[in-house]
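J.: With our numbering applied, the sequence shown covers 451 to 581.
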Amino acid sequence: MFFNKDKKEVNLLYETSYMGSNIKVFPNKLVFKMMGIEQSIPIGQIASVELGMPMLWQIVVETTGGKKYKIPTRKKKEVQQAIYDAQASVGASQGSSSSLADELEKLNDLVEKGVLTKEEFDKKKKELLNS
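1. DSSP three-state label for K563, please.
2. Select from E553, E570, I509, S490 the residue whose C-alpha is nearest the C-alpha of N478.
3. Taking DSSP as the reference, what is the three-state secondary structure of L579?
4. Could you tell me which whole alpha helix (DSSP H) segments of length 4 or greater appear in the segment 492-559?
5. On a CA-only basis, which of N580, N461, M505, T523 is nearest L550? Give me that one, please.
6. Could you tell me the boundaries of the beta strand (DSSP E) in which N472 lies?
7. Starting from the C-beta of L560, find all residues in its chain whose C-beta is less than 6 Å away, skip the five residues before and the five after it, and write them out in chain order.
8. My understanding is that Q508 touches K527, with C-beta atoms under 8 Å, so please give their C-beta distance in whole angstroms.
9. Using only alpha-carbon positions, find the residue among K563, N472, G515, K573 that is nearest to I487.
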């Protein structure tokens, strides 16, 4: 982790706090702190980000290993989008280890699960096709 002259973290894509918890999204990892315990998940190991039910202020992050983390936040869609953006940037910087068809299939699965709306899918699809 690098800091600039103002002691702010460099490469921080997104940060939010809610009820004593803190979420930070970096290009390579998700860092969250709850009840004084900080945890980190590599972006490449995040399989899904589900929005909590209405009026339930949390997201559920599931790893490729099947572990689920319930993270409190009032900015569910913003956190979800920041994680998706970080995942997209990792894929682009690695020369896109998976094919375009694989990425579109993953996005479609998220629509079917209700994690993404059709509009969000179309936006990501357009971004992938134009890159």
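For each residue, glycine too, the CB sits at the ideal point set by N, CA and C.
T.: Based on what the coordinates show:
1. Residue 563 sits at position 113 when you count from the first residue of the sequence shown. Correct three-state label for K563: helix.
2. Residue mapping note: residue 478 aligns to position 28 of the sequence shown, counting from 1. Nearest option by C-alpha distance: S490.
3. Sequence index remark: in the sequence shown, residue 579 carries index 129 (1-based). Helix at L579.
4. 526-543
5. Within the sequence shown, numbered from 1, the residue matching residue 550 stands at position 100. Closest option to L550, Cα to Cα, is N580.
6. Position 22 of the sequence shown, counted from the first residue, corresponds to residue 472. Where N472 is concerned, the enclosing beta strand (DSSP E) stretches over 471-475.
7. Within the sequence shown, residue 560 is the residue found at index 110, counting from 1. Closer than 6 Å at Cβ, skipping near neighbours: L566.
8. Within the sequence shown, the letter at position 58 stands for residue 508. Within the sequence shown, the letter at position 77 stands for residue 527. About 13 Å; that fails the 8 Å criterion.
9. Numbered from its first residue, the sequence shown carries residue 487 at position 37. Of K563, N472, G515, K573, the residue nearest in Cα terms is N472.
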